[in-house]
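Chains A and B supply the protein sequences, listed in that same order.
Each residue of the first sequence is one higher than the one before, counting from 7 in the working numbering.
Each residue of the second sequence is one higher than the one before, counting from 7 in the working numbering.
Data block below; observations after.
Number of protein chains: 2
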Amino acid sequence: MTNRREAVREILSHSEGFRSAQDIYAQMRAAGAKIGLTTVYRALQTLADSGQIDVLRTDEGESVYRACATGTHHHHLVCRRCGRTVEVAGPAVERWAEAVGAEHGFTAITHTVEVFGTCPSCTAAASSS
Amino acid sequence: MTNRREAVREILSHSEGFRSAQDIYAQMRAAGAKIGLTTVYRALQTLADSGQIDVLRTDEGESVYRACATGTHHHHLVCRRCGRTVEVAGPAVERWAEAVGAEHGFTAITHTVEVFGTCPSCTAAASSS
DNA sequence: CGTCAAAATGAAAACGGTTGTCAAAATCAG
DNA sequence: CTGATTTTGACAACCGTTTTCATTTTGACG
Numbered sequence: 007m008t009n010r011r012e013a014v015r016e017i018l019s020h021s022e023g024f025r026s027a028q029d030i031y032a033q034m035r036a037a038g039a040k041i042g043l044t045t046v047y048r049a050l051q052t053l054a055d056s057g058q059i060d061v062l063r064t065d066e067g068e069s070v071y072r073a074c075a076t077g078t079h080h081h082h083l084v085c086r087r088c089g090r091t092v093e094v095a096g097p098a099v100e101r102w103a104e105a106v107g108a109e110h111g112f113t114a115i116t117h118t119v120e121v122f123g124t125c126p127s128c129t130a131a132a133s134s135s
Numbered sequence: 007m008t009n010r011r012e013a014v015r016e017i018l019s020h021s022e023g024f025r026s027a028q029d030i031y032a033q034m035r036a037a038g039a040k041i042g043l044t045t046v047y048r049a050l051q052t053l054a055d056s057g058q059i060d061v062l063r064t065d066e067g068e069s070v071y072r073a074c075a076t077g078t079h080h081h082h083l084v085c086r087r088c089g090r091t092v093e094v095a096g097p098a099v100e101r102w103a104e105a106v107g108a109e110h111g112f113t114a115i116t117h118t119v120e121v122f123g124t125c126p127s128c129t130a131a132a133s134s135s
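Now the structure itself:
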């Protein structure tokens with residue numbers, strides 16, 4: 007069992023950036039896997055619940071998933087053109103978030119940070135066009 | 007014209023936190039306004055396009071809107087219990103985002119930051135329970 | 001091996017928020 | 001007033017996601 011779930015995790019861990027559920031489903035079908043869309047969703051949900059993968063929503067309302075290298079807290083620097091993702095640690099932001107929360111008397115501070123930009127190769131591609 | 011659009015903006019500017027489109031629609035109908043859901047969406051879109059309001063997606067995939075006091079770039083500190091929102095400026099984060107992007111050769115850096123916590127009164131309420 | 005119960009699977013339907021369509025209504029020239 | 005233009009809103013279409021439910025797979029036990 008959980009053969010499918012592991013297959014999904016495999017795909018994710020070999021992917022560079024964020025992948026959508028449908029994207030993963032399409033890839034698995036293209037690779038000849040006999041799997042249903044439902045199962046992909048369920049696998050992703052289970053993996054997310056157990057903290058093995060990250061989930062976030064795109065501006066278009068699609069959920070995207072990513073297997074992160076480390077289990078520790080970190081953020082992402084995402085290329086807005088090609089989707090290339092770099093994991094970045096940011097002690098400065100962590101401290102800032104804590105400070106800003108404390109300043110207003112808030113407790114149990116958490117935060118989400120996403121940095122977007124155009125990666126070197128896409129910047130080159132864009133300027134040459 | 008744009009009577010409806012202004013009505014929508016009115017609602018938003020008198021609201022404390024983020025409101026969903028359907029939420030706003032419901033309130034306007036409850037208040038007796040003759041307006042369609044489509045028009046609310048259109049008004050919100052127009053306002054967002056012209057930068058007069060902020061949009062973001064909840065984890066549930068719903069778009070939520072907010073009229074911000076200032077037109078300048080800032081972030082939000084949101085109480086996860088009561089939804090109370092404080093606008094916070096964060097020069098430190100801006101600089102950090104720029105730096106982290108530049109470090110990896112990314113250009114045209116933008117970022118989204120949301121800080122969540124439990125506000126003073128909710129913290130008190132929780133501990134007394 | 002059978003047998004049966006529990007878990008996993010997937011096709012299709014349901015769902016919910018959002019967006020498109022299109023005809024009717026309001027608004028604006030002239 | 002008349003005709004053109006814009007705005008409007010009821011409704012259908014869309015799209016990603018979730019639920020449903022019948023079927024299949026799995027695993028324990030005799």
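Note that the Cβ used here is the ideal one computed from N, Cα and C, for glycine as well.
Quick caveat: nothing in here was measured; it's all calculated off a predicted structure.
Is B:L43 close to chain A? Criterion is C-beta to C-beta, closer than 7 Å. Walking along the second sequence from the start, residue 43 of chain B turns up at place 37. No, B:L43 lies away from the interface with chain A (no Cβ there is under 7 Å from its Cβ).
B:E68 to A:A114 span [Cα, whole Å]: Sequence index remark: in the second sequence, residue 68 of chain B carries index 62 (1-based). Sequence index remark: in the first sequence, residue 114 of chain A carries index 108 (1-based). If you take the alpha carbons of B:E68 and A:A114, they lie about 25 Å apart.
Pick out whichever of A:A37, A:C74, A:A105 and A:G42 has its Cα sitting closest to the Cα of A:R25. Position 19 of the first sequence, counted from the first residue, corresponds to residue 25 of chain A. If we check each option's Cα against that of A:R25, A:C74 comes out closest.
In the stretch 118-133 of chain A, which residues sit with their C-beta less than 8 Å from some C-beta in chain B, listed in chain order? T118, V119, E120, V121, F122, G123, T124, C125, P126 and T129
Spatial distance of B:A27 from B:A54 (CA atoms): The sequence position of residue 27 of chain B within the second sequence is 21, counting from 1. The sequence position of residue 54 of chain B within the second sequence is 48, counting from 1. C-alpha separation (whole angstroms): 12 Å.
For A:H82 versus A:A103, is the C-beta spacing smaller than 7 Å? Here residue 82 of chain A refers to the residue found at position 76 when the first sequence is read from its first residue. Here residue 103 of chain A refers to the residue found at position 97 when the first sequence is read from its first residue. Not a contact, by the Cβ cut-off of 7 Å.
Neighbour flag for B:I59 against chain A, beta carbons, 7 Å: Numbered from its first residue, the second sequence carries residue 59 of chain B at position 53. Judged by the 7 Å Cβ criterion, B:I59 is not in contact with chain A.
Let's test the definition: count the other Cβ atoms within 10 Å of the Cβ of A:T44 and tell me whether it reaches 16, buried, or not, exposed. Numbered from its first residue, the first sequence carries residue 44 of chain A at position 38. Counting Cβ neighbours within 10 Å, A:T44 comes out exposed, since fewer than 16 surround it.
Scan the stretch 89-118 of chain A for residues whose Cβ lies nearer than 7 Å to a Cβ of chain B and list them as they occur along the chain. V92, V94, G96, A98, V99, W102, A103, V106, G107, H110, G111, F112, T113, A114, I115, T116, H117 and T118
Which residues in the same chain have their Cβ closer than 6 Å to the Cβ of A:V84, if we skip the five residues on either side of it in sequence? Translated into positions along the first sequence, residue 84 of chain A becomes position 78. Correct list, in chain order: T91 and F122.
Is B:L83 close to chain A? Criterion is C-beta to C-beta, closer than 7 Å. Counting from 1 along the second sequence, the entry for residue 83 of chain B is found at position 77. Yes, B:L83 lies at the interface with chain A (some Cβ there is under 7 Å from its Cβ).
Per DSSP, B:C85 is paired with what? Here the question's residue 85 of chain B lines up with position 79 in the second sequence. In the DSSP output, where bridge partners are listed per residue, B:C85 has B:G123.
Could you please tell me which residues of the stretch 17-32 of chain B, in chain order, have their CB closer than 9 Å to any CB of chain A? none
Interface partners of B:R35 on chain A, CB under 7 Å: The residue given as residue 35 of chain B occupies position 29 in the second sequence. Simply none; closest approach about 24 Å.
Tell me, please, whether the CB atom of A:G38 is closer than 7 Å to any CB atom in chain B? Walking along the first sequence from the start, residue 38 of chain A turns up at place 32. Chain B, which has no Cβ nearer than 7 Å to the Cβ of A:G38, makes this no.
Is it true that the CB of B:V61 sits closer than 7 Å to the CB of A:V119? Translated into the one-based positions of the first sequence, residue 119 of chain A becomes position 113. Translated into the one-based positions of the second sequence, residue 61 of chain B becomes position 55. No; because the gap between Cβ atoms is not below 7 Å, this pair is not in contact.
Going along the stretch 63-74 of chain A in order, which residues come within less than 7 Å of chain B, judged by CB to CB distance? R63, D65 and G67
State yes or no: is the C-beta of B:V94 within less than 7 Å of the C-beta of A:V106? Here residue 94 of chain B refers to the residue found at position 88 of the second sequence. Here residue 106 of chain A refers to the residue found at position 100 of the first sequence. Yes.
For A:I41, three-class secondary structure by DSSP: Locating residue 41 of chain A in the first sequence gives position 35, counting from the first residue. Looking at A:I41 - three-state DSSP - the assignment turns out to be coil, as it is neither helix nor strand.
Taking the continuous beta strand (DSSP E) assigned at B:R15, which residues delimit it? Position 9 of the second sequence, counted from the first residue, corresponds to residue 15 of chain B. It is not in any beta strand (DSSP E) - B:R15 instead sits in the alpha helix (DSSP H) that spans N9 to S19.
Straight-line gap, A:R86 to B:G38 (C-alpha atoms, nearest Å): Translated into the one-based positions of the first sequence, residue 86 of chain A becomes position 80. Translated into the one-based positions of the second sequence, residue 38 of chain B becomes position 32. Those two C-alpha atoms are separated by around 43 Å.
DSSP three-state assignment for A:T129, whether helix, strand or coil: Locating residue 129 of chain A in the first sequence gives position 123, counting from the first residue. Note: A:T129 maps to helix in three-state DSSP.
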